[in-house]
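Numbering (my numbering), first residue to last: 82 to 341. For each residue, glycine too, the CB sits at the ideal point set by N, CA and C.
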Amino acid sequence: MDLQELLKQGREALEIGDYSVALVRFKRVVEGAPDNVQAHQLLGEALVEAGHLRDAITALLRARELAPQDIDVLFDLGDAYFEDHHPEKALEVYQSILAIDATAADAWVSLGLVHFSQERVEKAEECYRQALAIDPESVFALNSLGDTAFAQGHNDEALAYYRQVIALDPQDAQAHFNLAEMYYDLGELATAASACRETLRLDPGFAFAYLTLGNICLDEEKPREALQYFQEFLLHEHAADAAEIRAEVAAVIEGLKAEL
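Written as structure tokens, this is what we have:
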């Protein structure tokens, strides 16, 4: 089969979540064209989605060797390092993007996310504001600033950021979910549930919205509905770094089944 046809089939499989097929197609391209940057990059993306982060990093490192200035490859590599709990390596990669293009707003946000994960909140906020200085309508930066504000207990400020995102892009599922999480933590369950449902209307595969809805139903003593939402969460969440929470949810499901 023609290598371009294999790439096309692999992309199509990746888009619909058929990662096993995508992996087979991309591996065949890599075998037939070992210097094909795109094949290594797509293989890395498919491996990330399948939860094989170390193999993904290997593929993406090869892509970087072949195309050291390719910003898309670098973003994928930085994200893979971050997801695989290598924050300092992720920082190095995102910084290398900015060395190539200092106006890459998303790289500033990604830097901020790494700092935020390491509890360097002020540094994270500086990065987000750098991104906004480049792109004042960056929903990625605004959502992240909202998360930073909420983490510091500045609820009104967080709400303003999330609403600003929704005003800029009403279809941004992440902003609606951020609102849901904030309202849930504040105990406003009905409002949180409404925001979760809007998240799922926009993105039916948004796994953590199902999890929050399940928790809301538990709080409202609706175990059957909670069970359904928790099962939906497991159906949709397959990220490697979600293994622990998947195990916790699976245990809750077993407990609910025993009670019902």
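Within 10 angstroms of the beta-carbon of S198 lie fewer than 16 other beta-carbons, which makes it exposed.
In the three-state reduction of the DSSP assignment, I334 falls in the helix class, which pools H, G and I. For the stretch 244 to 303, the continuous alpha helix (DSSP H) assignments of 4+ residues that do not extend past its boundaries occur at 254 to 266, 270 to 283 and 288 to 300, in sequence order. With a cutoff of 8 Å on beta-carbon distance, Y291 and E269 are scored as not near each other.
DSSP places N236 within a helical segment (H, G or I) once states are collapsed to three. Sorting A274, H133, A148 and D153 by C-alpha distance to the C-alpha of P115 places A148 at the top.
For H196, the enclosing alpha helix (DSSP H) has its first and last residue at A186 to S198. The three-state reading of DSSP puts Q211 in helix, counting H, G and I together. Cβ atoms of L134 and E93 stay farther apart than 8 Å, at about 23 Å. For R145, same chain residues with a beta-carbon under 8 Å away, outside a window of 5 residues either side, are D151, V154, L155 and L158 in chain order. Rounded to the nearest angstrom, the Cβ distance from A261 to T280 is 6 Å, consistent with a contact under 8 Å. Per the coordinates, the alpha-carbon of P304 lies some 18 Å from the alpha-carbon of R327. Here the alpha carbon of V246 sits roughly 12 Å from the alpha carbon of F258. For L294 and E238, the gap between their C-alpha atoms comes out near 24 Å. Inclusion of M263 and F231 in the CB contact set at 8 Å is warranted, their separation being smaller than that value. Taking a contact as a CB-CB distance under 8 Å, the pair L104 and A120 does not count as one, their CB atoms being some 12 Å apart. In this structure Y209 is in contact with A222, their Cβ atoms being roughly 5 Å apart against a cut-off of 8 Å. Leaving aside the five residues that flank Y175 on each side, the residues in its chain whose CB is nearer than 6 Å to its CB run, in chain order, G159, A188, S191 and L192. In the structure shown, A241 falls within a helical segment according to DSSP collapsed to helix, strand and coil.
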